[in-house]
Every structure is written in C-alpha cells, then in structure tokens.
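Taking UniProt numbering, I'd label the letters of the sequence shown as residues 1 to 136.
Built from N, CA and C at the ideal position, the CB exists for glycine as well.
Have a look at the structure below before the remarks.
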Amino acid sequence: MRSVLLVEDDIFDTMTAEKSFAKFNVPHQLRTAFNGEEALDLLLGRNGAEPIRPLPEVILLDLNMPRMNGIEFLTELRANADLQHIPVFITTTSSMDVDRLDAERLGVSGYILKPLDFETSTDLADSLSLLEKLLN
Numbered sequence: 001m002r003s004v005l006l007v008e009d010d011i012f013d014t015m016t017a018e019k020s021f022a023k024f025n026v027p028h029q030l031r032t033a034f035n036g037e038e039a040l041d042l043l044l045g046r047n048g049a050e051p052i053r054p055l056p057e058v059i060l061l062d063l064n065m066p067r068m069n070g071i072e073f074l075t076e077l078r079a080n081a082d083l084q085h086i087p088v089f090i091t092t093t094s095s096m097d098v099d100r101l102d103a104e105r106l107g108v109s110g111y112i113l114k115p116l117d118f119e120t121s122t123d124l125a126d127s128l129s130l131l132e133k134l135l136n
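Here you go:
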C-alpha cells in the first residue's frame with residue numbers, strides 16, 4: 001500500500017483529492033495535515049503527534065497555507081537528512097512564476113495546479129499517468 005501525505009488547508013480540496021484517489025482503486029494510505037507545521041509534526045513525531053511510519057512515499061503540498069506555508073515547509077523538509085529524499089509535488093491555484101521558481105529551487109518533483117480532480121480531467125490518460133507518477 002502506497003503512503004501519501006497531503007498538506008492542504010482547504011477541506012474541499014482535501015475531499016476532492018481523496019475522491020480522486022479512490023476512483024482509481026489504487027491501494028494507498030492518505031494522511032492529511034492542514035499546514036506545514038502540522039505536517040512536520042507528523043513526519044518527526046513532535047508536539048505529541050504520532051509519527052507517520054513508514055514515511056510517506058510522496059507528499060502533495062499546497063503553497064498557500066496559514067502558520068507555515070508550503071515553501072517554508074519544503075525548506076525545512078529539504079534541510080532534514082531523514083526527510084529530504086521524499087518526493088514532493090506542489091499543488092496550488094497559484095501560477096505565479098516566483099512560486100514555481102521557489103519550488104523548483106527546493107527540488108520538487110512536480111508542480112500541479114489545483115483542483116486535484118482526476119475525475120473531471122479532459123484527458124483520462126494524463127490523469128492516470130499523473131496518479132501513477134505520484135505513487136511510483
């Protein structure tokens with residue numbers, strides 16, 4: 001079973017992602033965090049959080065969140081020797097070049113515009129390819 005950590009502060013985007021993964025019947029364990037700080041707590045087992053073990057195979061990361069945004073989270077993730085290897089896909093409504101450049105500078109695996117809704121994609125083959133890439 002594949003392990004995915006979704007770091008997303010919007011409950012509707014979280015529900016859409018959950019439904020999209022379920023639609024393709026891909027065995028996965030989806031854990032969620034509502035901001036970067038909470039995600040780090042889950043990954044490191046700090047502040048009373050039960051650590052995610054095994055570590056997620058991929059992280060889907062929103063950029064615009066309260067408390068600790070996606071770029072701040074990614075900076076800390078990449079600085080941690082135990083976590084820096086985890087592939088991260090940025091998910092955001094932002095198409096601003098500065099966001100894309102910051103994410104690429106921090107070694108993201110991909111940059112995906114939301115919503116993460118494979119069900120309404122105009123090209124099912126692209127959706128399946130993206131889902132496979134996220135979980136392989």
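- The residue among 35, 29, 19 with its C-alpha nearest the C-alpha of residue 64 is 35.
- Leaving aside the five residues that flank residue 107 on each side, the residues in its chain whose CB is nearer than 7 Å to its CB run, in chain order, 78.
- Going by DSSP, residue 2 is part of the beta strand (DSSP E) stretching over 2-7.
- Under the criterion of beta carbons closer than 8 Å, residue 52 and residue 67 do not qualify as touching, at roughly 19 Å.
- Looking at 13, 5, 82, the one whose alpha-carbon comes closest to that of residue 93 is 13.
- By the criterion of a C-beta distance shorter than 6 Å, residue 70 is surrounded in its chain by 61, 62, 63, once the five residues flanking it on both sides are discounted.
- Less than 8 Å separates the beta-carbon of residue 2 from that of residue 57.
- DSSP, read as helix, strand or coil, puts residue 93 in coil.
- Distances from the alpha-carbon of residue 40 to those of 80, 17, 109, 22 put 80 closest.
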